[in-house]
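To start, the structure under review is shown below, and the notes come after it.
2 protein chains.
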Amino acid sequence: MKIKTAIISVFDKKNINFILSTLTELNVKIISSGGTYKKIRNLGYKCQEVSKFTNSKEILNGRVKTLHPKIYSGILSKRNNKSHIKELSKNKFMEIDLVISNFYPFEETIKKNKQSEIIENIDVGGPSMVRAAAKNYNFVTVISNPNQYNRLINELKKNKGKTTLKFRKQLSFEAFLETGYYDSVISNYFNKFSKNQFTEKKIFHGKLLENLRYGENPHQKGAIYNSNNETKIKQISGKKLSYNNYNDIFSALKICESLPKNLGTVIIKHSNPCGVSIEKNKLLSFKKAVLCDPISAYGGIVSFNFKINKKIALEFNKIFFEVIVAKGFEKKSLKILKKKKNLRIIESRNINKNSFVNISHNFNSMLLQEADTKVFSKKNFQIVSKKKPTKKLFDSLIFAFNVCRFVNSNAIVLAQNESIIGIGSGQTSRLDSCEVAINKMKKFQNINIKDEVVAASDAFFPFVDGIETLVQSGVKAIIQPSGSINDKKIIKFANDTGTILVFSKTRHFKH
Amino acid sequence: MKIKTAIISVFDKKNINFILSTLTELNVKIISSGGTYKKIRNLGYKCQEVSKFTNSKEILNGRVKTLHPKIYSGILSKRNNKSHIKELSKNKFMEIDLVISNFYPFEETIKKNKQSEIIENIDVGGPSMVRAAAKNYNFVTVISNPNQYNRLINELKKNKGKTTLKFRKQLSFEAFLETGYYDSVISNYFNKFSKNQFTEKKIFHGKLLENLRYGENPHQKGAIYNSNNETKIKQISGKKLSYNNYNDIFSALKICESLPKNLGTVIIKHSNPCGVSIEKNKLLSFKKAVLCDPISAYGGIVSFNFKINKKIALEFNKIFFEVIVAKGFEKKSLKILKKKKNLRIIESRNINKNSFVNISHNFNSMLLQEADTKVFSKKNFQIVSKKKPTKKLFDSLIFAFNVCRFVNSNAIVLAQNESIIGIGSGQTSRLDSCEVAINKMKKFQNINIKDEVVAASDAFFPFVDGIETLVQSGVKAIIQPSGSINDKKIIKFANDTGTILVFSKTRHFKH
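Those sequence lines, one after another, are chains A and B.
Under my numbering, the first residue of the first sequence carries the number 9, and numbering increases by one thereafter.
Under my numbering, the first residue of the second sequence carries the number 9, and numbering increases by one thereafter.
Here it is in C-alpha cells:
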C-alpha cells in the first residue's frame, strides 16, 4: 500500500522530526491537531488541522478531536471494496493510510496520584484511532510507539513509500499490545480500590526489564518484566543476573523482609533456604547462616537485611557466592566486594513489598492466590504441652515457624536460638522431611551444645512418628499448626517425653 | 446523576428487554443503531436511530456508526464545566448519561479461525464508546457486560433513576477490565504468528473458572482462571477441587503427557511425584507406582494416561487417594469409583498441551520463561563409560531422566525398568538428593532384585561424591547432563566401578 495520507496525534513527541522528514520526502499529506499540530508546524513541516479536515471544531478542551466519521471512514474503509470506495467519494471522505499515535501518560500520572489529573490522562481518542487502524491492517499502517519510527522509515525507504502486509500485521499486533497494556494499567489502578481481587475477568501486564540469557535451563528462553514502574532491585556490580539468580533473589528477599530489621542473613540455593540467622552481631548472623549447611551455601546467594560493613565483606574471600543482596554497602565493603568481578552485588533498599498475588500458569489455566504474607506473633500461638517454653525458646519457635513457611512443603525446620540448623524441604512425606532435617543437622552441627533445639512444621503431623523422630534426635520444643485426628496422641507423646508443644493454628504450605 | 439519555449498542442482546423496561419506566431517551436498534423496536420500545441523532449516515457496512462528535461530546462532557455546557448547547449536542455496550465476539470467532471473519469481529465502535464513558465516570454510567444489568436496574430503582459515584466508578473499573481483556485476547491471538514471545510489553488475561475455597492455605484467597476458551479438565464426581488439588493435577498431567500413550501412572503429593511407572499391564503400572512410596501416595492424587477399567477401580478400595485423573473411565469402573463420595474423579481426555510460558510473580516483577517441554530420545544422549547399556537399560535411563525433570531441583531419580523406586527432591545439595533417593528406595524396595537400578540427575554432579553414594547403594547406570570441571574424574570413577555413564547434555532444573 502506497501511503498518501497520514494522521499524527502523539503525546510523546520525541523523534517525530525523523518521521516527518521521511513522510514529506514521500509527499504524504499530514493531518494533525492540538499540540502535535503545533509541533509539526514549528518544525517547519506542512500539515492540515484535523478540524479543517473534518470541518468540525475541536471541542471540550480537546476531549473530542479526532472522533469523527471522516477520520474513521478514512481509516476503516476497505480499499478493495467497491461500495466502500463509492461511499467515501460520495461523502467527500478520503483514505487515511497511516496512523501515528501514542497515548496520554496514564502510567506515569498514577505515580503522582492526583485524582483529577489521573482521569484527564485516560486517553480516548488515541486508542480508538490506533485500534481502528490496527483492525484494518490489510490496508493501513499503524504506529503506536515512538520506538517503531525507525522500522517505518526503513520500510518506506525499502518499498518506495509502501509498506508490506507482513509489516502492517506485525504493527497491528503491537498496536493491540499497546492498547491492551494501556487498559490493563488503568483497570489494575482502579482495582486497587476494589475489595474483590478475583474478578470475572483478570488482566496482568508487564514491561520488559531485560531479556535473560535463558530461563531455568539453556533450552528455555526467559525474560523479566516489571509489572509496574517503580524502582526494582539495583545491581551495583558483577555479571548479568540469570533467571535462576532472580528467582533465588526473590526467595531470599521474601525471607529477609519477614525478619526483624537490621539483623538477618539468608542463604538460598535452588530457591530454598539453606541457612537463616538473626543475630545482633551482624558478622555472627552471617557466620551462623553459613554454618547451617556450608556445602549448599557454596555458589548460592546470600541476602542481608542490613548494610554491609568491611568485616562482612572480608568473609567473601573465604567462601564463594554468586550473588550478594543487601540494604546497602559501606564504601570500604564495596571496594572489597567489587574486586570479585563475577560477584553480582545487589542493593535491595528500595524494593517494593511482595506483590499480593501468586500466578501459576499451566494447561491454559491460571491459578491465582493471595501471597502468604501473614505476619504472626506469640499471640497467635497456643502452648498445649504441660511444659512451657522460656521467652528465649518461644522466640526461637516463632523464628523457626516463620522460616518454615518459605521452605518447600513438606517443610521441617530445626533452629537453635534464632539460627536455622537443619532444613527438610520438598518431601512428599512429613516423616521424610524430619529425617532430612535431622541428617542435615547431624552433618554440620555439634549437637552437644547447651542451647536447645526447636523444630517447626509447615503443616500438622498426621501421626506421632515425625514428632518421635525429632524428639529422639534431641529436639526439645516443637511448633506445628495442629488439625490431625492424632493431635491428642501427639500432645500425650509430648507430655510423656517432656517436650514443649505449641500449636500455631495457621498452616503454611508452599509448593 | 439522573439518567436522561442512553446509547445502547450490544452484540450480545440477551436480557436487553429487562434493561429497556426499566429505562422506559424512567423516561430515559434511548439512542441505538443497526441490529440493536431493530431488536429494541421489535421488543416494542421507543428508540432513536444513531444516524438520525447525529444526522450522519451509517457507512462502510456499519464499520462507522457511533464514531461521531455528537456522540462523544455527549459522553465526554463534564457536567460541572460551564464552557463544556456552553459548547454542547452551541453545537446542539446533548448529554449522554448511560452507555450500554458489549463487543463483537472476537474470542469466540478465533476458534473458527476464518481470517476474514476474525478481522470483522474486532470491535472498534464498542470499546471506543465504553472507554469514553468509563473515563467520564464522574458523570456517566457505563455497562460493558450483560451480567451488570441487574445491578444497574437495582441501582436505578434504589436511587430513583440516578446512579451513585461509587457505582459508576466500580463500573468504570469493570469497563477497562473488559476493554483491556478484549485487546489482550486480540494481541495474544496475533502473537501466535510472531517469533518473539518476549515483546517490550506483555499482557495476560484470564476468565474466572471458579473461586476456590482458599489458596494453598486457608488464610489465602484463591481462584482459577481460564486463559483461553477451550475445554479444560472435566470433573465427573466428588468434592470440589481445592487450590492444592489443581496444582497437583497440573503437576501430574505434565508428567502423564510426557509418557508413552496408554501406559503410565503418576502419583503426586505436594506437587512432586512419589511414584511413576510405565507398564503394558495397566494394573501393574498402577501397583508399581504405588509401591515406590506407599506412605506418600496415601491421600495423594493419581493420574493415568489411559482409560480406567474395573480392575484398577477396585484397587481404590485398598488405598485412599484424594483425586483420580484419567483419559476416560469404563462404565463399570466409574460405578465403583463413584461410590466414594469424596473421591474427585477427573477426566483429562481433552486437555490442551501445556502452555508455553511459565510466570513467576514477585515484588512487582514477572519472571517469564518458555515451559520445559523438550522431548528427548536416545539420539540426544552420549554414552561416555566403557560399559554400554543394553536397550532395556537405556530405555530405563531415558525414562528416569524424563521423570527427573518434573521433580523439584536438586533432583535425583532412581528407576528399575520403567518404574521409579526412589526420588530425592527439593534439596539444596545434590549429595543430599542422592541420599534422600537412596533412603526412600531402601525403605520400600527389596533391592536384592535381579533388574538393575538406574539413576538420573537433573543437573551435573559437581564432584564424584554423589555418584559414589549411588554406586555404593547398588546403582548400575547413571544419566546426567555433564558440564562439571570434575567430569573426567566422574567418568574414571564410572569405569573403575563398571558403572554405565550417559551424558544427556541438557539440564532440567525446576524450582
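Note that beta-carbon positions come from the ideal geometry of N, C-alpha and C, so glycine has one too.
Practice item. Less than 8 Å between the CB atoms is what I'm expecting for A/Asn110 and A/Pro154, so what's the real figure, rounded? Key: 6 Å
Practice item. Take the Cβ of A/Asn124 as the centre, count every other Cβ of all protein chains shown within 10 Å, and call the residue buried at 16 or more, exposed below. Key: Just to set this straight, residue 124 of chain A is Ser in the shown sequence, not Asn. The residue in question, A/Ser124, is exposed, as its Cβ has fewer than 16 Cβ neighbours within 10 Å.
Practice item. Would you kindly check if the distance between the Cβ of B/Ala321 and the Cβ of B/Leu345 is under 8 Å? Key: yes
Review point. Can the beta-carbon of B/Ser17 be found closer than 8 Å to that of B/Gly188?
Key: no
Practice item. Could you check if A/Arg357 is buried or exposed, using at least 16 other CB atoms within 10 Å of its CB as the buried criterion? Key: exposed
Review point. Any Cβ of chain A within less than 8 Å of the Cβ of B/Thr149?
Key: no
Practice item. Have a look at A/Lys200 and A/Val421 and give me their C-alpha separation to the nearest angstrom. Key: 36 Å
Check your understanding: So which residues on chain B does A/Gln228 lean against when the C-beta distance must stay under 7 Å?
Key -> What A/Gln228 touches in chain B: Gln377, Glu378 and Asp380.
Exercise for review: Output the distance between the C-alpha atoms of B/Phe184 and A/Arg176, rounded to the nearest integer angstrom.
Suggested key: 26 Å
Exercise for review: Check distances from the C-beta atoms of the region 183-207 of chain B to those of chain C and list, in chain order, the residues that come in under 9 Å.
Suggested key: Of the chains in the structure shown, none is chain C; the protein chains are A and B.
Practice item. Just confirm the distance between the C-beta atoms of B/Ala423 and B/Phe407, as a whole number of angstroms; I'd bet it's less than 8 Å. Key: 6 Å
Check your understanding: Are the C-beta of B/Tyr80 and some C-beta of chain A separated by less than 8 Å?
Key -> yes
Review point. At what residues does the beta strand (DSSP E) containing A/Asn234 begin and finish?
Key: Element bounds for A/Asn234: Gly230 to Asn234.
Check your understanding: What number of angstroms, rounded off, separates the C-alpha of A/Ser40 from the C-alpha of A/Ala141?
Key -> 16 Å
**Study point:** Candidates A/Lys170, A/Asn350 and A/Ser64, of which the one nearest A/Ser245 by Cα
**Key:** A/Asn350
Review point. With 8 Å set as the bound, which would you pick, yes or no: does the beta-carbon of A/Pro154 sit closer than that to a beta-carbon of chain B?
Key: no
Check your understanding: Residues of chain A with CB under 7 Å from B/Gly223, in chain order?
Key -> Gln377 and Glu378
Review point. Bridge partners of A/Ala260, per DSSP?
Key: BP columns for A/Ala260 are empty, so no partner.
**Study point:** Contact set between the region 441-465 of chain A and chain B, restricted to residues whose Cβ is under 8 Å from the partner
**Key:** Glu443, Val444, Asn447 and Lys448
Exercise for review: Kindly indicate if chain B contains any beta-carbon less than 8 Å away from that of A/Thr477.
Suggested key: no
Review point. How about B/Gly214: is its C-beta nearer than 8 Å to some C-beta of chain A?
Key: yes
Review point. Counting only beta-carbon atoms, is A/Gly434 nearer than 8 Å to chain B?
Key: Yes, contact with chain B.
Practice item. With 8 Å as the C-beta to C-beta threshold (strictly closer), list the residues of the region 120-141 of chain B near chain A in chain order. Key: Ile127, Ile130, Val132, Pro135, Ser136, Arg139 and Ala140
Review point. Alpha carbon to alpha carbon, how far is A/Ile100 from B/Lys37?
Key: Reading off the sequence, residue 100 of chain A comes out as Lys, not Ile. For A/Lys100 and B/Lys37, the distance between alpha carbons rounds to 32 Å.
Check your understanding: If you scan the region 73-145 of chain A from start to end, which runs of the beta strand (DSSP E) of 3 or more residues do you find wholly inside it?
Key -> 106-110
Practice item. Assuming A/Phe414 and A/Ile309 form a contact by the criterion Cβ under 8 Å, report the distance between their Cβ atoms to the nearest whole angstrom. Key: Their Cβ separation, rounded to whole angstroms, is 14 Å, which puts A/Phe414 and A/Ile309 out of contact at 8 Å.
Point to revise | Span separating the alpha-carbon of A/Met9 from that of B/Phe114 | key: 26 Å
Exercise for review: Give a yes or no on whether the C-beta atoms belonging to A/Gln156 and A/Glu182 are separated by under 8 Å.
Suggested key: For A/Gln156 and A/Glu182, yes; Cβs fall inside 8 Å.
Point to revise | Run of the alpha helix (DSSP H) containing B/Gly43, from where it starts to where it stops | key: Membership of B/Gly43 in the alpha helix (DSSP H) is indicated by the continuous run Gly42 to Asn50.
Point to revise | Assigned exposure category for A/Gln377 - 16 Cβ within 10 Å defines buried | key: buried
Practice item. Anything in the region 34-68 of chain A with a Cβ closer than 7 Å to a Cβ of chain B? List those residues in chain order, please. Key: Ser64, Ile67 and Leu68
Check your understanding: Leaving out the 5 sequence neighbours to the left and right, which residues in its chain are closer than 8 Å to B/Phe327 when beta-carbon positions are compared?
Key -> The sequence as given places Ile at residue 327 of chain B; Phe does not occur at that position. Hits under 8 Å: Val298, Pro302, Ala305 and Tyr306.
Exercise for review: State buried or exposed for A/Asn255, treating a residue as buried only when at least 16 other CB atoms are found within 10 Å of its CB.
Suggested key: In the assembly as shown, A/Asn255 is a buried residue. Its beta-carbon has 16 or more other beta-carbons within 10 Å.
Review point. Any heavy atom of the ligand COA within a distance shorter than 7 Å of the CB on A/Ile498?
Key: Here there are no bound small molecules, and the ligand COA is not part of this structure.
Check your understanding: Would you call the CB atoms of B/Ala502 and B/Leu478 closer than 8 Å?
Key -> With respect to the 8 Å criterion, B/Ala502 and B/Leu478 are not classified as neighbours on the basis of their beta carbons.
Point to revise | Beta-carbon neighbours of A/Cys282, restricted to chain B and to distances below 8 Å | key: Thr436 and Ser437
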